[in-house]
Structure formats: structure tokens, C-alpha cells
Ligand code: ATP
Ligand code: MG
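In the numbering used here, the protein residues as written are -19 to 426.
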């Protein structure tokens, strides 16, 4: 993309109404624009990152054997009356009447809708296990929407639902989700720690929340510092293997890590030596639940077992805050100049800065670099504006592309351009070909 042809409405002023750094940077970098309280338009660059995150989530869910689909945002109140949650959900639910005076709602989550689909089409244990998921906009009429996309009213969520014949099979689905979530967050350059949590209005006994440590997080968390040394890395886990998935769960959840809702000070002291006890703030970027037969019993979602008797299916639901993740990633990865995108989610793979726009040698070299990168399957952002070098660097630093190639007549005389890492600030001179090779290598799939 050439910057002169793109739509990147960067703000010069720091927006005064944004309280936390990720919100300020998303506004300044022209990624979002508030449409009304807690509701945002996703401007092109924000939308690009949103899509990258969504893509990682899809890939990892599909890898785990979960099946993508799409349910609507608007739902009929009837199903929620069946489960008993229409009255329970309270004011966070946006209730709407259609022209026939029927009660509708903008879905805050989808347990009812998916259970209705299941009971209509599945009747035998032979069709299990089954995990369906979608990535769809949700609406929760939060009392205090704030922090930009972190606590919106309309937000994008991945929610998945497993249907299993018994508790053991459902717990395998739970563990499988834990593994796929660890992989997903790491691909986004994030460390998200699974913590024992409270199940809230969804109900059920087993639940973990995934928290990204950040001072601006809304949750208070308590954990054993050893947990931050754990990396999922590139290990191969067979998602069908009950033992392999359970081993990952045990490794990542055996140490003390809880949100304030489930924190137990006495247990914390008993389990964790003082030097390793930490309390901090965290951003919840996902949650997994096993809730057994709560919805299947209320809504009659049963399957016939081998002997023909019908039993309610065991279920769980599993959510990732896709739009909140943009804020969480920026909170975890920025400096005083702007965003520092992890390579896994960056909107463009690298920036090209032309130090002397209009100089035919520099212009030609930039055009060549640009086409060569595109030919390698990469997406560069070429700053081809007639601007001073300082202004171009400031924009690149603000929008946070991990790599920048700087091209100017003086370097070209020596046959070199400069490759700079946004994270370390380190620059290296090399031939344009070498720079292309390096960038291609950084983004090469293993
Ligand atoms: P919270 O405690 O932050 O209100 P929750 O526990 O009610 O969230 P879940 O029902 O577990 O949320 O939803 C799954 C994920 O969706 C959460 O882990 C979070 O990342 C994201 N999410 C929930 N509410 C919002 C919101 N208002 N804005 C953006 N993302 C949200
Ligand atoms: Mg939650």
C-alpha cells in the first residue's frame, strides 16, 4: 500500500478523553473512531489488525478440530425464556421490539442459539463429539464502556461450544480449548496466563480466564511468578489425545494463579513461597467454561446413547475477546513513540520510508523494493508522501510496523538501504536485496 493512496487519519494531538495508552494510540494511529459510547468504527488499519487476529483465531480453532459457522447478532427472546436467562441477564442485554411487537435482543453470547441448533439436528451419540464456533459481534450494554475497544458495548468475540456425551469427553474439549488458546495468544505475541476464575452468569464449576498482565488491566490477579516462565512454544500437541491435552492443562494451571473473584489468601500463602508471590493487574482476553448439562437440560438437548436411552449432552463454552485483544496487545507492546506490533498481527509487514521523495534514484529504488516485497507475498506500507524525514519516521513509529526500510540518495550511492527494528531501534545497512531477503525470512512460515 502506498500511504498517499491509503486512508490513515493520524491525529496530531493526543486525544484528551482517552484514559489509557492503548486507547490513545488507537485513536492517534487512525485505527478506530468512536461512533457512540462503546461503539466504534474500525478504520482501515484497525480493521486490518482485527482481521489478522481473527485469522489466527480461526486457524487455531480449525487446527483443534473445531468447526466454524456463523450465527446472527439478533436473537429471539423466546429461546432465552426457555433457558431462564431472559430475566436473569439484566440491563446488560439490549432488548429490541420488532414491528410485530415481538421481543428480540442483540446477542451478548450464544449458548441458547447454539443449543437450539443442536437439538434440531443432532440426536445420536454417534454425532459426538462436536464443537462449533463463530466469530461474531456481541452487544452488552455495559454501565461504563471505557478504555476504547477494551470495554466496548459492541465488541467482536469468538465463542465456541462443545457438545459431548459425558463429563470426561467434555473435559477433554475444555483442555483442547486451553491448548488452542495458549497457541493463539502466543502467535499474537502475547503471554496470556490461564487463571482459575468465577463462572458468573454462564454458570458451571470449571472455568479459567486468560489474563494478559498490564497495569491498566481491570482485574486484580494473584499468581506464582514461576508461571510467567512457561511458554507454549512450537510443541506439537495431538488434539485428539486426551493425555497430551491434559498434560498441557496441568502444566499451565497447576501453579497458583487466580483472579480476585476466586483468590484465597490462605491458600496463596500455603502454596507459594513469599519470594514468588505476585499481585498485579490483568486484562481478560478469554475464558473457557465447562458447565455440564445446564443448558441442555433446560432446553431439551439430548442424544440417544448406544442402548437408546436419551441423556442431556455435556457442554462448555469458550470465548476470546477478539476486538479487546487489539487493546491488550498495545498495552503489552508500545513505547513513548507509539505502538510496537508483534509480527504475528502487524497491519503491514514493513514500512518503506523514502527520505527524498521526488529524487528519481530514491523513487525508483523504493518502487523496486515495494514490488519485490509484494512479489514475495508481503504487504509493505510505502510512505511516499512529500514530507520531511522526521515526520515520516514519527508516523512509522506511531503506527508501529515492526520493520522499516529507509531509502535515501546518500545510502543508495553506496548501494545500501537501512533496515530498522521498531522494537530495539537497531539499524543495519545492507543492499536492497539483502533487506528484502531479511524481511521475507522474518515472516516465513516455519
Ligand atoms: P468482563 O469480566 O471483562 O466483563 P466477561 O467475563 O463478562 O468479561 P465473557 O463472557 O467471558 O466476558 O466473554 C469472553 C471474552 O469477551 C472476555 O474474555 C473478554 O475478552 C471479551 N469481552 C467481554 N466483554 C467485553 C466488552 N465489553 N468489550 C470487549 N470485550 C469484551
Ligand atoms: Mg469472562
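Where a beta carbon is used, it is the ideal one built from N, C-alpha and C, also for glycine. Quick caveat, the model's predicted, so the values are computed rather than measured.
Relative to residue 263, the option among 293, 125 and 172 whose CA is nearest is 172. For residue -15, DSSP records no beta bridge to any residue.
Distances between the C-beta of residue 140 and the heavy atoms of ligand 1 are all 7 Å or more. Distance from the Cα of residue 269 is smallest, within the candidate group 340, 150, 31 and 373, for 150. Unbroken beta strand (DSSP E) runs of no fewer than 3 residues, entirely contained in the segment 273 to 312, are found at 282 to 284, 290 to 292 and 294 to 301, following chain order. In the DSSP assignment, residue 334 forms a beta bridge with 387. Of the heavy atoms belonging to ligand 2, at least one sits nearer than 7 Å to the Cβ of residue 267. In the structure shown, residue 20 adopts extended strand secondary structure according to DSSP, grouped into three states.
Counting only the Cα atoms, residue 308 lies some 16 Å from residue 327.
Secondary structure of residue 319 (DSSP, three-state): strand. Annotated as proximal: residue 361 and residue -17, with beta-carbon spacing under 8 Å. Taking the Cβ of residue 189 as the reference point, at least one heavy atom of ligand 2 falls within a distance shorter than 7 Å.
Within the segment 97 to 135, no run of alpha helix (DSSP H) at least 4 residues long lies entirely inside it. Ranked by Cα distance from residue 215, the first of 154, 166 and 399 is 166. Using a C-beta cut-off of 8 Å, the segment 197 to 217 makes contact with the segment 229 to 238, since at least three inter-stretch Cβ pairs fall below that distance. Take the alpha-carbon of residue 158 and the one of residue 347: they are about 45 Å apart. For residue 201, the secondary structure class from DSSP, reduced to helix, strand or coil, is strand. Secondary-structure assignment with DSSP links residue 270 through a beta bridge to 186 and 296. Here residue 266 really is in contact with residue 300; their C-beta atoms are around 4 Å apart, less than 8 Å. Going by DSSP, residue 359 is part of no alpha helix (DSSP H) at all; its letter is neither H nor E. Judged by the Cβ position, residue 264 qualifies as a neighbour of ligand 2 at the 7 Å threshold, a heavy atom of the ligand being closer than this. Residue environment analysis places residue 376 among the buried positions, since at least 16 neighbouring C-beta atoms fall within 10 angstroms of its C-beta. The beta-carbon separation of residue 400 and residue 384, rounded to 5 Å, stays under the 8 Å limit for a contact. For the set 283, 288, 292 and 287, the Cα lying nearest the Cα of residue 277 is the one of 292. The count of Cβ pairs closer than 8 Å, one atom from the segment 31 to 47 and one from the segment 309 to 325, reaches three, so the stretches are in contact.
The three-state reading of DSSP puts residue 88 in coil, since its state is none of H, G, I, E or B. Here the alpha carbons of residue 24 and residue 11 stand approximately 7 Å from one another. By the 16-neighbour rule on beta-carbons within 10 angstroms, residue 190 is buried. Taking 8 Å as the cut-off, the beta carbon of residue 152 is found no closer than this to the beta carbon of residue 174. The three-state reading of DSSP puts residue 139 in strand, counting E and B together. Collapsing the DSSP output to three states places residue 260 in a strand. Across the structure, residue 408 and residue 397 are spaced so that their CA atoms are roughly 8 Å apart. With distances taken between CA atoms, residue 86 lies nearest to 71 out of 71, 99, 80 and 96. When secondary structure is reduced to three states using DSSP, residue 15 falls in the strand class. Between residue 134 and residue 117, the beta carbon gap of about 6 Å places them in contact (Cβ cut-off 8 Å). For residue 120, the shortest separation between its Cβ and any heavy atom of ligand 1 lies below 7 Å.
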